[in-house]
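*Asks:*
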Amino acid sequence: MLHLDMDAFFASAEQLTRPTLRERPVLVGGLGPRAVVAGASYQARVHGARSAMPMGQARRLCPGAVVLPPRFPLYQALSERVMGVLAEAAPVLEPVSVDEAFLEPPDLAGAEPAEVERFAVRLRADVRAATGLPASVGAGSGKQLAKIASELAKPDGLRVVGPGEQREVLAALPVRALWGVGPVSEAALSKLGIRTIGELAAMDTRELNGLLGTAIGTELHRLAHGVDDRPVAPRGAAKQVSAETTFETDLTAMTAVHEAVARITGSAHRRLVASGRAARTVTVKVRSAAFTTVTRSETAASGTTDLTALTAVAQRLARNAVPADGVRLIGVSLAGLVDDPPPALFEAAVDTGPAPEPDATETAEPAADGTADGTAPDRPWRPGDDVHHPEHGHGWVQGAGHGRVTVRFETRSTGPGRARTFAADDAALTRADPLASLT
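According to full-length UniProt numbering, the residues represented by the sequence shown are 1 to 439, in order.
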């Protein structure tokens, strides 16, 4: 079995399409006080920055890093290219996320490690040819071992763990490397002096079951011995689409809540339309400034893709969930997905509350820090925005302020480009599609 994992995927995609950044530390995420890191390049990771870390902490660890907002359409396009290559290599593919997947090519059934390695070398080369990005591949007797092997191969490497060495490879790793071992299980094992997979494998099964329970204990003992017979299986269609926003400052006015719900519903709605399905259920999640979370849901008899109706339902649900101490986060999910959507439903549920403004619902996309940061024409330029100029072509904003904007004109194929400064309201500068940076 093989596991392919793209290396520092979000940051690598930014470095690919913005050549000036290729050897520089890059952090992908938001800039607000509650922002988190969505991706960190290896040049940033050597300073301790990593994904899911608060952005403020990452910037303190790596003060020279370039911070960019995420460009999800770009990442999705590159992901589709990766999955296309993998699908050609194996008829059954199990994507784990946009940047990793398991596959079990029929040609490798019973193959020797050397043959597996040759296959994986070609696979990595095909992925790089299709995307321009590095990928790490791990191979082993099951999912667990293949995943561990790809981690050992990083960055931009290949590791094949043959049957004769799998116990040796596993033995020295910490118990947290096993799926199913979280902080609680790790702490319980640590009290018994069990810190490595090898030590766990040597435990008596009855002792392990008594500590963690029969189901978990038995499974972990098998994994610790390299026994993993879970098959590669394609994932089914998503059961819901959703979007959420964490606000830089808490919302206290209901009008602000309504506007935010409209933007967030618009983001979820675009994913709904892209899936070719309709939604029966609208769920709104509201988290207060005190971190109390309330959810409200409503389900109709049939599905709809009507944005106005879905937004009105979400706004009504939000009104019934808003706390008195301010709103820190709002999420909207559309579920109960069905095919072949009929005309708009939910009409009976639509009230006369404030309707969303067209620009807010049609153009807003969630930023890395969770804030719904749209691309309306009057929105100021921000670092990382894609720009087009009729003379200089495609570029991206390096800095903006005091009525000026500095744009570096470059794409994947141009090499490092030249930076030019313009008036922020220069009519020749227009917002561009992030996918144009792939050219």
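Yeah, the Cβ is synthetic: ideal placement off N, Cα and C, and Gly gets one too.
This structure is a prediction, so every number in the text was calculated from the model and none was measured.
So which of Val26, Gly132 and Val241 has the shortest CA-CA distance to Thr305?
*Replies:* The candidate whose alpha carbon is nearest that of Thr305 is Val241.
*Asks:* For Phe9, count neighbouring C-beta atoms within 10 Å of its own C-beta (all shown protein chains included) and say buried if the count is 16 or more, exposed if not.
*Replies:* When all chains shown are included, Phe9 counts as buried.
*Asks:* Classify Arg6 as helix, strand or coil using the three-state DSSP reduction.
*Replies:* Strictly speaking, residue 6 in this sequence is Met, with Arg absent from that position. If DSSP states are grouped into helix, strand and coil, Met6 belongs with the strands.
*Asks:* What does the Cβ neighbour count give for residue 478, buried or exposed, with the cut at 16 atoms within 10 Å?
*Replies:* Outside the displayed range of the chain (1 to 439) lies residue 478, so it cannot be described from this structure.
*Asks:* Name the residue from Phe102, Arg408 and Gln57 whose alpha carbon lies nearest to the alpha carbon of Pro231.
*Replies:* Considering only alpha carbons, the answer is Phe102.
*Asks:* So, are the CB atoms of Asp7 and Ala135 less than 8 Å apart?
*Replies:* Yes.
*Asks:* If you check the beta carbons only, do Ser141 and Asp5 fall under 8 Å apart?
*Replies:* No, the Cβ-Cβ distance between Ser141 and Asp5 is not below 8 Å.
*Asks:* On a Cα-Cα basis, can you pick out the residue from Gly217, Ala35 and Thr249 that is closest to Pro69?
*Replies:* Ranking the options by Cα distance to Pro69, first place goes to Ala35.
*Asks:* Between which residues of its own chain and Ala177 is the CB-CB distance below 7 Å, once the five residues before and five after are set aside?
*Replies:* Ile148 and Ile197.
*Asks:* Pick out whichever of Ala278, Trp396, Ala201 and Thr421 has its Cα sitting closest to the Cα of residue 440.
*Replies:* Coverage of the chain is limited to positions 1 through 439, which leaves residue 440 absent and any answer about it impossible.
*Asks:* Find out if the Cβ-Cβ distance for the pair Ala424, Gly403 is shorter than 8 Å.
*Replies:* Yes; because the gap between Cβ atoms is below 8 Å, this pair is in contact.
*Asks:* Enumerate in chain order the residues of its own chain whose CB-to-CB distance from Ala111 is below 8 Å, with the five nearest sequence positions on each side excluded.
*Replies:* The residues are Phe119.
*Asks:* Flag Leu200 as yes when its Cβ comes closer than 7 Å to any non-hydrogen atom of the ligand NAD, and as no otherwise.
*Replies:* Absence of the ligand NAD from the depicted structure is noted, as is the absence of any ligand whatsoever, leaving it without description.
*Asks:* Go ahead and pull the three-state DSSP assignment for Arg408.
*Replies:* It is a strand residue.
*Asks:* Evaluate Ala427 with the Cβ neighbour count: other Cβ atoms within 10 Å of its Cβ, from every protein chain shown; 16 or more gives buried, anything less gives exposed.
*Replies:* With fewer than 16 other Cβ atoms within 10 Å, it is exposed.
*Asks:* Identify whether Gly395 lies in helix, strand or coil by the three-state DSSP scheme.
*Replies:* Strand at Gly395.
*Asks:* What three-state label does DSSP hand Ala360 in the structure shown?
*Replies:* Low per-residue confidence applies at Ala360: pLDDT is 29, beneath 50, and the placement is therefore not dependable enough to give any value.
*Asks:* Does the beta-carbon of Ser185 have 16 or more other beta-carbons within 10 angstroms, so that it is buried, or is it exposed?
*Replies:* The residue is buried, with at least 16 neighbouring Cβ atoms inside 10 Å.
*Asks:* So, is Leu192 buried or exposed, given that buried needs 16 or more other C-beta atoms within 10 angstroms?
*Replies:* By the neighbour-count rule (16 or more Cβ atoms within 10 Å), Leu192 is not buried but exposed.
*Asks:* How about the stretch 244-260 and the stretch 292-305: do they share at least three Cβ pairs that are nearer than 8 Å?
*Replies:* No: fewer than three Cβ pairs fall under 8 Å.
*Asks:* Below 8 Å, can you find three or more Cβ-Cβ pairs linking the stretch 153-166 to the stretch 46-61?
*Replies:* No contact exists between the stretch 153-166 and the stretch 46-61.
*Asks:* By the three-class DSSP mapping on this structure, what secondary structure does Thr305 have?
*Replies:* Correct three-state label for Thr305: coil.
*Asks:* Nearest CA to the CA of Glu281: which residue from Arg287, Ala260 and Ala312?
*Replies:* The amino acid at residue 281 is misidentified as Glu; the sequence shows Thr. Answer by Cα proximity: Ala312.
*Asks:* Compare the C-alpha of Thr283 against each of Pro113, Gly182, Gln15 and Leu337 and name the closest.
*Replies:* Among Pro113, Gly182, Gln15 and Leu337, the Cα nearest to that of Thr283 belongs to Leu337.
*Asks:* Which value, in whole angstroms, describes the spacing of the CA atoms of Thr17 and Ser97?
*Replies:* The straight-line gap from Cα to Cα measures roughly 21 Å.
*Asks:* Mind checking who Lys285 pairs with in its DSSP beta bridge?
*Replies:* The partner list for Lys285 (beta bridge, DSSP) reads Thr295 and Gly331.
*Asks:* In angstroms with no decimal places, state the Cα-to-Cα distance between Leu310 and Pro54.
*Replies:* In a straight line, the C-alpha of Leu310 is about 33 Å away from that of Pro54.
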